[in-house]
Amino acid sequence: MNLPFPAGFFPLPGLPAGPATGTTPTRVSLVGAGPGDPELLTLRALDRLRRAEVVCYDHLVSTDILQLAAQAQQVCVGKRAGRHSLSQEGIHQLLIGYARAGLRVVRLKGGDPLLFGRGGEEMLALHAAGIDYEVVPGISAALGAAAMADLPLTHRDYAQGCTLVTGHRRADASHLAWTRHTHVESTVVVYMGLNEAGAISAGLMAHGRAADTPVAVIEHATTPRQRVTRTRLDQLAQVIAESDITPPALLVIGAVVAVHDVLQVAWAGGEG
Ligand SMILES: C[S@@+](CC[C@H](N)C(=O)[O-])C[C@H]1O[C@@H](n2cnc3c(N)ncnc32)[C@H](O)[C@@H]1O
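Shown next as structure tokens:
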């Protein structure tokens, strides 16, 4: 028999230790919490949070957002810079267990659940277990950061497109293969790229990007701790090391960063 809770994990108070008999499983809501500012939640996300009985959340979700589900049991399932407090399989079993126990479950993820969020794996696991689910999209970090840093990701004069990639290192050697394929006229936004910044710069320059390509590193976007650090591609790793930049952060690489520069100068000069 498959227990609904991973080995060694605890059921919530009042929950059976095994599958509830005669209970209709609930639908699991995979909800995007956005990049941090609670005002960037969708109305549907707010509704699901207010009605939740259990919220399984990642580290990146802010306490301001968790407070919107203060009535719910809240379970931190980890995920920070590759360190998980629960394995991905453990998270699947937890969601399945709570749904089978008849609880309204929200799986709350930073940004959008389906972008670098392993939402796809969770959908597949729920589907395989015969559990219904829905996805409530969230504003991804790149979009929140772009808006709050006055940095358009595309612009007719600077970038015809935008590529969202992860800098997170996989066990295989081809994890930065994308540096070969991004078009020189497109903006590149790198998620989880701080640790690999040197390799990313080198890869992009080896495949045609100029050393002086503008880069903005945006930390803690949309929160009171937001900070934008400007540099250029060949100095990226050094600037990250010297500027005490901390995650979560995005690297925005490309000519569009010039728009941010113009707007920042304008604001600093009191225009607008
Ligand atoms: C596991 S990914 C999750 C991405 C998320 N699903 C999304 O759509 O934004 C975590 C990475 O997203 C980026 N990120 C998330 N929130 C951020 C924020 N508020 N400011 C800057 N980067 C952020 C960072 O690169 C961080 O390491």
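Quick note, my numbering runs 13 ahead of the 1-based positions in the sequence shown. Note that beta-carbon positions come from the ideal geometry of N, C-alpha and C, so glycine has one too. Please read all numbers here as calculations on a predicted model, not as lab measurements.
| On the three-state DSSP scale, how would you describe D247? | The sequence position of residue 247 within the sequence shown is 234, counting from 1. It is helical.
| query | Regarding L43 and ligand 1, is the C-beta to nearest heavy atom distance less than 6 Å? | reply | By 1-based counting over the sequence shown, the position of residue 43 is 30. Not so, every heavy atom of ligand 1 lies at least 6 Å from the Cβ.
| field | Identity of the residues DSSP links to A162 by a beta bridge | value | In the sequence shown, the residue the question calls residue 162 occupies position 149. Per DSSP, none; premise fails for A162.
| Expected contact under 8 Å - CB spacing of V149 and V44 to nearest Å | Here residue 149 refers to the residue found at position 136 of the sequence shown. Here residue 44 refers to the residue found at position 31 of the sequence shown. V149 to V44, Cβ: 4 Å. Contact.
| Since V41 contacts V118 with CB under 8 Å, what's their CB separation in whole angstroms? | As a working note, residue 41 is residue 28 in the sequence shown. As a working note, residue 118 is residue 105 in the sequence shown. The Cβ separation is near 5 Å, so the contact holds.
| query | Is the number of C-beta pairs between the segment 167-182 and the segment 57-76 that are closer than 8 Å three or more? | reply | Contact fails between the segment 167-182 and the segment 57-76, because fewer than three Cβ pairs, one in each stretch, are under 8 Å apart.
| Count the other CB atoms within 10 Å of the CB of P48; is the residue buried (16 or more) or exposed (fewer)? | Reading the sequence shown from its first residue, position 35 is the one you call residue 48. P48 should be labelled buried.
| field | At least three beta-carbon pairs within less than 8 Å, the segment 203-214 to the segment 258-272 | value | With a cut-off of 8 Å, the segment 258-272 and the segment 203-214 count as touching, because enough Cβ pairs lie within range.
| message | For F18 and D50, I'd like the C-alpha separation in whole angstroms. | response | Taking the sequence shown and counting its residues from 1, the one referred to as residue 18 is at position 5. Taking the sequence shown and counting its residues from 1, the one referred to as residue 50 is at position 37. Residue confidence is low: F18 scores 48 on pLDDT, short of 50, so the model does not pin down where it sits. Its coordinate-derived value is still stated next. Using only the alpha carbons, I get a separation of about 32 Å.
| In the structure shown, what three-state DSSP assignment does L209 receive? | Working through the sequence shown from its first residue, we reach residue 209 at position 196. What sits at residue 209 in the sequence shown is Glu, not Leu. Residue state, collapsed to three classes: coil.
| message | Short of 6 Å in beta carbon distance, which residues of its chain neighbour L191, apart from the five on each side in sequence? Order them along the chain. | response | On the sequence shown, residue 191 is found 178 positions in, with the first residue counted as 1. Looking at the sequence itself, residue 191 is Trp, so the reference to Leu does not match. V178, listed in sequence order.
| Exposed or buried, what is Q80 when buried is set at 16 or more other beta-carbons lying within 10 Å of its beta-carbon? | Numbered from 1 along the sequence shown, position 67 holds the residue referred to as residue 80. Result: exposed.
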